[in-house]
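Just so you know, the protein sequences line up as chains A and B, in that order.
Everything in the first sequence is counted per the numbering used here, starting at 1 for the first residue and increasing by one.
Everything in the second sequence is counted per the numbering used here, starting at 411 for the first residue and increasing by one.
A virtual CB, placed ideally from N, CA and C, is assigned to each residue, including glycine.
In this text the structure is predicted, and so the values were computed from the model without any measurement.
Beneath this line is the structure, given in structure tokens, with notes to follow.
Number of protein chains: 2
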Amino acid sequence: MKAEIISIGTELLLGHVVNTNAAYLAGKLACLGVDLYHQSTVGDNPRRLSESIRTALGRSDLVILTGGLGPTVDDITAATVAKATGRPLVLNHSALNGIRSFFKSRKMRISAGNERQAYIPQLARPIRNRLGTAPGIIIEIRDKSIICLPGPPRELCPMFEEGVAPYIAKRFGRLDLLVTRTIKTVGMPEAGVNRAVRDLLELPPPTTVGIYAKLREVHLVIMAKAATRKLALRSIAGIEKKIRRRLGGIIFGYDDDTLEGAVGAILIKKKMTIAVAESCTGGLISSRLTDVSGSSKYFIRGAVPYSNDVKVKYVGVSRDSLKKYGAVSRQVALELARGIRTVMDVDIGLGVTGIAGPDGGTAKKPVGLVYVALAKEGGSVVKEFRFSGSRQDVKWHSSQAALDMIRRNI
Amino acid sequence: MKAEIISIGTELLLGHVVNTNAAYLAGKLACLGVDLYHQSTVGDNPRRLSESIRTALGRSDLVILTGGLGPTVDDITAATVAKATGRPLVLNHSALNGIRSFFKSRKMRISAGNERQAYIPQLARPIRNRLGTAPGIIIEIRDKSIICLPGPPRELCPMFEEGVAPYIAKRFGRLDLLVTRTIKTVGMPEAGVNRAVRDLLELPPPTTVGIYAKLREVHLVIMAKAATRKLALRSIAGIEKKIRRRLGGIIFGYDDDTLEGAVGAILIKKKMTIAVAESCTGGLISSRLTDVSGSSKYFIRGAVPYSNDVKVKYVGVSRDSLKKYGAVSRQVALELARGIRTVMDVDIGLGVTGIAGPDGGTAKKPVGLVYVALAKEGGSVVKEFRFSGSRQDVKWHSSQAALDMIRRNI
Chain A
1 MKAEIISIGT ELLLGHVVNT NAAYLAGKLA CLGVDLYHQS TVGDNPRRLS ESIRTALGRS
61 DLVILTGGLG PTVDDITAAT VAKATGRPLV LNHSALNGIR SFFKSRKMRI SAGNERQAYI
121 PQLARPIRNR LGTAPGIIIE IRDKSIICLP GPPRELCPMF EEGVAPYIAK RFGRLDLLVT
181 RTIKTVGMPE AGVNRAVRDL LELPPPTTVG IYAKLREVHL VIMAKAATRK LALRSIAGIE
241 KKIRRRLGGI IFGYDDDTLE GAVGAILIKK KMTIAVAESC TGGLISSRLT DVSGSSKYFI
301 RGAVPYSNDV KVKYVGVSRD SLKKYGAVSR QVALELARGI RTVMDVDIGL GVTGIAGPDG
361 GTAKKPVGLV YVALAKEGGS VVKEFRFSGS RQDVKWHSSQ AALDMIRRNI
Chain B
411 MKAEIISIGT ELLLGHVVNT NAAYLAGKLA CLGVDLYHQS TVGDNPRRLS ESIRTALGRS
471 DLVILTGGLG PTVDDITAAT VAKATGRPLV LNHSALNGIR SFFKSRKMRI SAGNERQAYI
531 PQLARPIRNR LGTAPGIIIE IRDKSIICLP GPPRELCPMF EEGVAPYIAK RFGRLDLLVT
591 RTIKTVGMPE AGVNRAVRDL LELPPPTTVG IYAKLREVHL VIMAKAATRK LALRSIAGIE
651 KKIRRRLGGI IFGYDDDTLE GAVGAILIKK KMTIAVAESC TGGLISSRLT DVSGSSKYFI
711 RGAVPYSNDV KVKYVGVSRD SLKKYGAVSR QVALELARGI RTVMDVDIGL GVTGIAGPDG
771 GTAKKPVGLV YVALAKEGGS VVKEFRFSGS RQDVKWHSSQ AALDMIRRNI
């Protein structure tokens, strides 16, 4: 059972739109146990679309087309599929009723263009669109299927869930399920994680492990294919145990967990409070900590003391240290952490100072130099980092390093 | 001159990663005047990748491959291209030196896997990677070119700008250029912008206009194809003038401008300073304001007074108002704005309070209710918003509304 996705739209080939539909459908197909070997994008061009459909039908059992179902002249999908499959467009009354009731429920008048959307290839079946005018289309050709879906994600996603996933499960019979488990690590470069689990990365199907490097995170994805969820979970559990034994402390979470969420969960568990004084990150660490629902339980205050005066007056950094060591220094990071902790009377004080760039660097203190400090009962820690990349990259890396420091020190 | 993009990575076909590289490259190729007719994605599978390369070389002059250049066994791009083109992998000393100096500058030891990245097809040329270990690869086969780029966007984008765009311009000579001009608006829904410029959206080539809705922004993209940049710019200028006349005040910038950058430019021009007291946005507004290089000139301090005590003690919100109106109220937003302005002695004080959700809403004060206030010499303004979506959506929408309020009131 092989599937393939064809994304249609000149806007994709001009780079005006990022193709999130392909990733969404790929993920859904994987969960249904359908193998996806190709995804391709073509513009609003009948000849090239025809060619793509023919190539796809030659090598895949299920071809999913997205986009080009709208009411304008640019929308060529239905007509091109009709031609490529030798099934002329005919008015489908159930599709027409669907479109009419869509307009009626919104108290709007239907246009000729929208009525045109009820024409679908002969012997094809419409799929209801709750959130737009274009019905989806299912065409069966011997043992193969073509499915056309509308381009807007808010129409496509519910249509897939409600009308397409059940169809695929029924039409292509019982398929093996693919269950995935993502293990997320922070604080070790990809090469190091790779070395620790190299043998697992070479496991043959049906249970495999992939490695993905994100900005200062490395994710390991265990994928198990099996007839039942229970069987898949069992083979995942064995590998997960091995990975946990080898990587231990650098694992911060699983699946949809975020680093800020993991930090929040530890703070809640330990009933600790935190305040942040961040200079070069400009509020990013506070923003990430407060992205977590319920963060008001532990996050007391964020401070972005951008100017030296504010560092002195409101966080208690000493003018001497600023003069002697400079604003970007180990010393000032520590004083920011200790200062905000004392001022706010919290368990954890975090201080960050650095040079985000692109300007402001010197030979001794280059762009990307960042100090992260943490103050808690019984002592403080401070670390020096040298990050590369854009201003936003340096901010992001710094926030990752800071969140990881909280995680490791409480 | 036809180009084609092949994206490589099983993670793309499993839906673990959204293919932003394809959109980035598509946009860049369009600007260079290169026609892109196909984009396809294949997994880490040598046979299917070979097939894709052969198909692409059969119909396109320029084939760009992304991904699969890393140091692990999954990374099959260089070896597969070598095989498909009949050019065996050989050690390239310039590539090896690049990788070595990357590790040296970071004071890290080079691994065997990374040395392997210096092997590229015979007669190919490496492209320097400033931000990672994998060099890019350029292979010329008669009048066609294959270009391999690393998968991580932060490595791919600068490499394209610095090493690939100049190469394409030189190798493929004079092309009809596509020049685009993006006009960015904030504060009016897509339907309203659409109504104002409907006639322009239907212009025929060579100069067309597209409309794209982003989170609380609407972008209009003017695209002109012409033999010279000057000619293209001339036809763009005429349409741009019309759009500016019709949309005036809701336009905040052009092309790569960001809303935070536009706000920063106005603050610098007016020699004004700003401080922010943001509760529900949790530091996001400060972080966005400080994403702008040079923001230390106007951004004096960010405060994230998450708890009521901090609002009272450090920003000067009155306990009476908190009691009488609640923390999420017009009154408290105003006191945050006025308080931070007075405490910090800045020109502009911004105050934000709201319910980001998903918990904490009530019938009277639902999730998504947000107040944004601005205090300046001669008075204050405050606005109520009701946003929908996730916690992060509400935070983002609030930050957009706040930045727009600054823009409109100074």
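Which of helix, strand or coil DSSP assigns to residue i
i	result
H503/B	helix
E203/A	Inspection of the sequence shows that residue 203/A is occupied by Leu rather than by Glu. Three-state DSSP puts L203/A in coil, outside helix and strand.
S426/A	Because chain A in this structure spans residues 1 to 410, residue 426/A falls outside the shown range and cannot be described.
Y371/A	strand
L49/A	helix
S731/B	helix
G620/B	strand
I154/A	Inspection of the sequence shows that residue 154/A is occupied by Arg rather than by Ile. Helix at R154/A.
Y414/A	As displayed, chain A neither begins before 1 nor continues past 410, which places residue 414/A out of reach and without an answer.
K680/B	coil
D309/A	helix
T465/B	helix
P536/B	strand
V714/B	strand
L541/B	coil
S415/A	The structure shown has nothing for residue 415/A, since chain A only spans 1 to 410.
E787/B	coil
F828/B	Nothing can be reported for residue 828/B, as the shown portion of chain B is limited to 411 through 820.
L149/A	strand
R198/A	helix
I661/B	strand
R106/A	coil
Endpoints, the beta strand (DSSP E) within which residue i is located
i	result
E414/B	412-418
A685/B	684-688
A636/B	627-636
P121/A	119-121
E423/A	Past the boundaries of the shown model lies residue 423/A; chain A is included only from 1 to 410, so the question cannot be answered.
Exposure label - residue i; buried when at least 16 CB within 10 Å
i	result
M108/A	exposed
R425/A	For residue 425/A there is no data in the structure shown, the boundaries of chain A being 1 and 410.
N431/B	buried
D485/B	buried
P531/B	buried
Y716/B	buried
N19/A	buried
G542/B	buried
H38/A	buried
Y708/B	buried
A440/B	buried
K624/B	exposed
E11/A	buried
Q527/B	buried
Q802/B	exposed
Y412/A	The requested residue 412/A is not part of the displayed model; chain A covers only 1 to 410.
N502/B	buried
E414/B	buried
Boundaries of the alpha helix (DSSP H) in which residue i is found, first to last residue
i	result
H807/B	801-819
T342/A	330-344
L177/A	From DSSP, L177/A is part of no alpha helix (DSSP H) but of the beta strand (DSSP E) over 177-186.
I646/B	639-657
S286/A	284-289
G351/A	Premise fails: G351/A lies in the beta strand (DSSP E), 348-354, not in any alpha helix (DSSP H).
G443/B	From DSSP, G443/B is part of no alpha helix (DSSP H); its letter is neither H nor E.
A522/B	522-526
Minimum Cβ-Cβ distance from residue i to chain C less than 9 angstroms
i	result
N129/A	Note that chain C does not occur in the displayed structure, where the protein chains are A and B.
Please give the ranges of any alpha helix (DSSP H) in the stretch 470-499 of chain B, keeping only runs that are unbroken, at least 4 residues long and fully inside the region. 487-495
Interface residues of the stretch 16-27 of chain A facing chain B [CB-CB below 8 angstroms]: H16, V17, V18, N19, T20, A22, A23, Y24, L25, A26, G27
Output, in sequence order along the chain, the residues in the stretch 373-393 of chain A whose CB is closer than 9 angstroms to any CB in chain B. R386, S388, G389, S390, R391, Q392, D393
Closer than 8 angstroms, Cβ to any Cβ of chain B: which residues of the stretch 113-125 of chain A, in chain order? none
Relative to chain B, which residues along the stretch 65-93 of chain A have a C-beta separation below 9 angstroms, given in chain order? none
At a CB distance below 9 angstroms, what residues from the stretch 715-728 of chain B approach chain A? Give them in sequence order. P715, Y716, S717, D719, V720, Y724
Beta carbons nearer than 9 angstroms to chain B: which residues of the stretch 281-296 of chain A have them? T281, G282, G283, L284, I285, S286, S287, R288, L289, T290, D291, V292, S293, G294, S295, S296
Of the residues that make up the stretch 442-459 of chain B, which ones have a beta carbon closer than 8 angstroms to any beta carbon in chain A? L446, Y447, H448, Q449, S450, T451, V452, G453, N455, R458
Return the residues of the stretch 219-232 of chain A that lie within a Cβ-Cβ distance of less than 7 angstroms from chain B, sorted by chain order. V221
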